[in-house]
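Participant: Numbered by the numbering used here, the letters in the sequence shown go through residues 22 to 127 in order. Got a structure for you, written out below as structure tokens; questions coming shortly.
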Amino acid sequence: MVCTGAKSEAESELAARKCVRTILKMGFDAKFKDFKIQNMVANCDVRFPIRLEGLAYANPHRTSYEPELFPGLRYRMKEPNITLLVFASGKLVITGAKRREDPQGL
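Structure below.
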């Protein structure tokens, strides 16, 4: 089961439990077990423009920037293991976190 749109881990778990209850009410055999957060997404705005070409040039081993295919620069971090989508407008999307603490350490 994939749960999207939750604003917290607790909200995600509650939604999954409710879904299992609905499936049980329909007469199917379902169990709630092994709940695990696989991917968290966060976003922010640094409120200044970012020169993506310069960032890509300075970090070629960590970045992928192909403006003809996608307007954002992909910046892959090792620790924590997350990916940042960086846009020239200064907006960032942080994806791949498995714990709430991962993007906060940036």
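Just so it is clear, CB atoms sit at the ideal spot from N, CA and C, and this is done for glycine as well. Computed from a prediction, not measured in an experiment: that's the story for all the values here.
#1: Is it buried or exposed, L35, if we count other Cβ atoms within 10 angstroms and call 16 or more buried?
#2: Can you name the start and end residues of the alpha helix (DSSP H) that L73 belongs to?
#3: Compute the Euclidean distance between the alpha carbons of E87 and A37, then round it to the nearest angstrom.
#4: Do you know offhand how far S110's Cα is from I71's?
#5: Under the rule that 16 or more other beta-carbon atoms within 10 Å means buried, what is L90, buried or exposed?
#6: What did DSSP end up calling I58 once you bin it into helix, strand or coil?
#7: If I follow the unbroken beta strand (DSSP E) through V107, where does it start and stop?
#8: In chain order, what residues of the same chain lie with their CB nearer than 7 Å to the CB of P92, ignoring the 5 residues before and after it?
#9: Cβ atoms of L113 and L94: under 7 Å apart, would you say?
#10: What residue range is occupied by the uninterrupted beta strand (DSSP E) comprising R95?
#11: If we ignore side chains and look at the alpha-carbon of each, how far apart do G48 and C40 end up?
Facilitator: This is what the structure holds:
#1: Looking up residue 35 in the sequence shown gives position 14. In this structure L35 is exposed. Its beta-carbon is surrounded by fewer than 16 other beta-carbon atoms within 10 angstroms.
#2: In the sequence shown, counting from the first residue as 1, residue 73 sits at position 52. DSSP places L73 inside the alpha helix (DSSP H), whose first and last residues are L73 to A79.
#3: Walking along the sequence shown from the start, residue 87 turns up at place 66. Walking along the sequence shown from the start, residue 37 turns up at place 16. Their Cα atoms are separated by approximately 37 Å.
#4: Residue numbering aside, residue 110 sits at position 89 when the sequence shown is read from its first letter. Residue numbering aside, residue 71 sits at position 50 when the sequence shown is read from its first letter. A straight line joining the alpha-carbon of S110 with that of I71 spans about 7 Å.
#5: The residue given as residue 90 occupies position 69 in the sequence shown. By the 10 Å Cβ count, L90 comes out exposed.
#6: As a working note, residue 58 is residue 37 in the sequence shown. I58 falls in the coil class under three-state DSSP.
#7: Taking the sequence shown and counting its residues from 1, the one referred to as residue 107 is at position 86. Residues T104 to V107.
#8: Taking the first residue of the sequence shown as position 1, residue 92 is located at position 71. Only F108 meet the Cβ criterion.
#9: One-based indexing of the sequence shown puts residue 94 at position 73. One-based indexing of the sequence shown puts residue 113 at position 92. No. Outside cutoff.
#10: As a first step, residue 95 is located in the sequence shown; it is residue number 74 there, counting from the start. For R95, the enclosing beta strand (DSSP E) has its first and last residue at L94 to R97.
#11: The sequence position of residue 48 within the sequence shown is 27, counting from 1. The sequence position of residue 40 within the sequence shown is 19, counting from 1. Cα to Cα, G48 sits roughly 13 Å from C40.
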